[in-house]
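In full-length UniProt numbering, the protein residues as written are 1 to 330. Written below as structure tokens is the structure these notes are about.
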């Protein structure tokens with residue numbers, strides 16, 4: 001089962017829910033910031049600021065929340081890479097004005113709100129920097145009045161032991177998976193992580209979270225049926241294990257049905273294309289016999305059925321081979 005960008009799909013599924021977002025903010029923002037935030041005002045924004053070409057490497061979420069009794073934001077950037085991108089803070093610097101402009105559309109006369117940047121990183125090397133100015137050399141300190149600077153919250157999972165990963169059960173499961181997903185022995189670690197999922201099943205939206213987590217694990221690790229059954233059997237009670245295996249079996253059936261529908265659709269398109277091609281061939285063999293092969297070398301490369309239909313009609317109405325050639329080369 002392959003899912004495009006499984007890291008992005010999982011973080012968006014869970015971090016777009018208020019309970020998860022509130023849990024992350026409460027447990028991983030600095031204590032002095034936590035004292036100033038009002039979790040009751042938390043709102044999840046649907047806006048994303050990542051460029052299309054970077055979406056395979058990053059996910060982002062924008063949380064609107066009162067900071068020190070004033071409207072503010074926490075911007076969460078999740079890096080999917082297995083290595084550190086030292087210029088990621090530069091991306092955040094580019095996104096912050098976009099967030100401010102978005103805010104100003106609704107609050108034109110108000111002061112700009114505070115934006116707290118927060119990075120979620122699960123690469124292999126440690127991330128030590130915490131300020132934008134760390135990207136610059138020592139000379140920047142001599143000209144600090146002219147240098148944009150801010151501190152960002154770095155949630156580097158490589159620097160946390162499993163016991164130090166805090167929060168409710170869903171947060172811990174997700175963070176543990178992100179931390180260990182690239183480990184060579186991840187399959188051996190899954191039973192301990194999966195054992196926590198028994199609690200998730202009992203929660204509100206538990207089955208939805210369970211599906212999101214299972215899809216992430218299975219698609220990222222390409223686990224075999226036997227590996228999945230072994231992990232479930234050794235970590236989860238039979239009753240809840242049956243729920244998981246039933247869910248996985250349903251996915252397989254859905255995947256088979258989707259594949260069949262896709263095959264039928266593609267087969268019908270192929271058949272329609274062949275019908276149009278044969279009709280064009282017949283017309284060309286009568287009207288442009290001498291140029292038949294030249295024209296067919298071009299037409300055989302056309303995949304779009306609507307365009308083939310237009311070519312078929314053109315065979316009937318064009319006055320000469322030059323007009324027809326001009327049409328099919330467009």
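Yeah, the Cβ is synthetic: ideal placement off N, Cα and C, and Gly gets one too. Values in this document were obtained by computation on a predicted structure and should not be read as measured data.
Task: Neighbourhood of residue 178 by C-beta, 7 Å cutoff - its chain only, sequence neighbours within 5 removed - done: 122 and 157
Open item on the list: Using a 10 Å radius around the Cβ and a threshold of 16 neighbouring Cβ atoms, would you call residue 72 buried or exposed?
Closed with: buried
Open item on the list: Quick check on residue 86: does DSSP put it in helix, strand or coil?
Closed with: coil
TODO: Count the C-beta pairs between the segment 133 to 150 and the segment 167 to 182 that are closer than 8 Å, then say yes if the count reaches three, no if not.
DONE: no
Open item on the list: Under 8 Å: do the segment 26 to 39 and the segment 51 to 62 share three or more Cβ pairs, one atom per stretch?
Closed with: no
Open item on the list: Threshold first: 4 residues or longer. Then list the alpha helix (DSSP H) segments lying entirely within the segment 180 to 249, N to C.
Closed with: For the segment 180 to 249, the continuous alpha helix (DSSP H) assignments of 4+ residues that do not extend past its boundaries occur at 186 to 195, 197 to 202, 206 to 221 and 225 to 235, in sequence order.
- [ ] Could you give the DSSP three-state label for residue 81: helix, strand or coil?
- [x] coil
Task: Residue from 136, 212 and 119 with nearest C-alpha to residue 148 - done: If we check each option's Cα against that of residue 148, 136 comes out closest.
TODO: In the DSSP assignment, find the beta strand (DSSP E) that holds residue 63 and state where it starts and stops.
DONE: 58 to 67
TODO: Could you round the C-beta distance between residue 77 and residue 216 to whole angstroms and report it? I think they count as a contact, below 8 Å.
DONE: A Cβ-Cβ separation of about 19 Å leaves residue 77 out of contact with residue 216 under the 8 Å criterion.
- [ ] Drop a sphere of 10 angstroms on the beta-carbon of residue 24, count the other beta-carbons inside from all chains shown, and report buried for 16 or more, exposed for fewer.
- [x] Buried is the call here.
Task: Same chain only: Cβ atoms within 7 Å of residue 85, ignoring 5 sequence neighbours per side - done: 79, listed in sequence order.
Task: Reduced DSSP secondary structure (H/G/I, E/B, other) of residue 40 - done: strand
TODO: Buried or exposed for residue 271, please, with buried defined as at least 16 other CB atoms from any protein chain shown within 10 angstroms of its CB.
DONE: exposed
Open item on the list: Can you list, in chain order, the residues of its chain with a C-beta nearer than 7 Å to that of residue 159? Leave out the 5 residues immediately preceding and following it.
Closed with: 126
TODO: Just mark residue 7 as buried or exposed, buried being the case when its beta carbon has 16 or more other beta carbons within 10 Å.
DONE: buried
Open item on the list: As an exercise, report each continuous beta strand (DSSP E) stretch of at least 3 residues that is fully enclosed by the segment 134 to 183, in chain order.
Closed with: 153 to 156
Open item on the list: I need the boundaries of the beta strand (DSSP E) containing residue 302, first residue and last residue.
Closed with: Counting along the chain, residue 302 falls outside any beta strand (DSSP E), and DSSP gives it neither H nor E.
Task: beta strand (DSSP E) runs wholly inside the segment 109 to 138, at least 3 long, in chain order - done: 114 to 121
Task: Where the alpha helix (DSSP H) containing residue 326 begins and where it ends - done: 321 to 328
Open item on the list: Restricting to Cα atoms, I'd like to know which of 74, 69, 124 and 299 is closest to residue 63.
Closed with: Among 74, 69, 124 and 299, the Cα nearest to that of residue 63 is on 74.
Open item on the list: At the level of alpha carbons, what is the spacing between residue 97 and residue 196?
Closed with: 40 Å
- [ ] Could you have a look at residue 45 and say whether DSSP puts it in helix, strand or coil?
- [x] strand
Open item on the list: Please list the terminal residues of the continuous alpha helix (DSSP H) segment that includes residue 30.
Closed with: For residue 30, there is no enclosing alpha helix (DSSP H), as DSSP marks it with neither H nor E.
TODO: State the DSSP-derived secondary structure class of residue 311, mapped to helix, strand or coil.
DONE: helix
- [ ] Can you have a look at residue 312 and say buried or exposed, based on whether 16 or more other CB atoms are within 10 angstroms of its CB?
- [x] buried
Task: Cβ pair residue 113, residue 92 closer than 9 Å - done: Result no, Cβ atoms of residue 113 and residue 92 do not sit closer than 9 Å.
TODO: My understanding is that residue 42 touches residue 21, with C-beta atoms under 8 Å, so please give their C-beta distance in whole angstroms.
DONE: Rounded, the Cβ-Cβ distance is 6 Å, consistent with contact.
Open item on the list: Within the continuous alpha helix (DSSP H) that includes residue 11, where are the two ends?
Closed with: Element bounds for residue 11: 6 to 15.
Open item on the list: In whole angstroms, give me the CA-to-CA distance for residue 230 and residue 329.
Closed with: 58 Å
TODO: Taking only the alpha-carbon atoms, compute the straight-line gap between residue 208 and residue 87 and give it to the nearest angstrom.
DONE: 35 Å
Open item on the list: Can you find the residues in the same chain that come closer than 8 Å, C-beta to C-beta, to residue 183, ignoring five residues on each side of it along the sequence?
Closed with: 189
TODO: For residue 212, count neighbouring C-beta atoms within 10 Å of its own C-beta (all shown protein chains included) and say buried if the count is 16 or more, exposed if not.
DONE: buried
Task: Rounded separation between residue 275 and residue 295 - CA only - done: 17 Å
Open item on the list: Below 8 Å on the Cβ atoms is my contact criterion, and I expect residue 210 with residue 201 to pass it. Report the Cβ-Cβ distance as a whole number of Å.
Closed with: 6 Å
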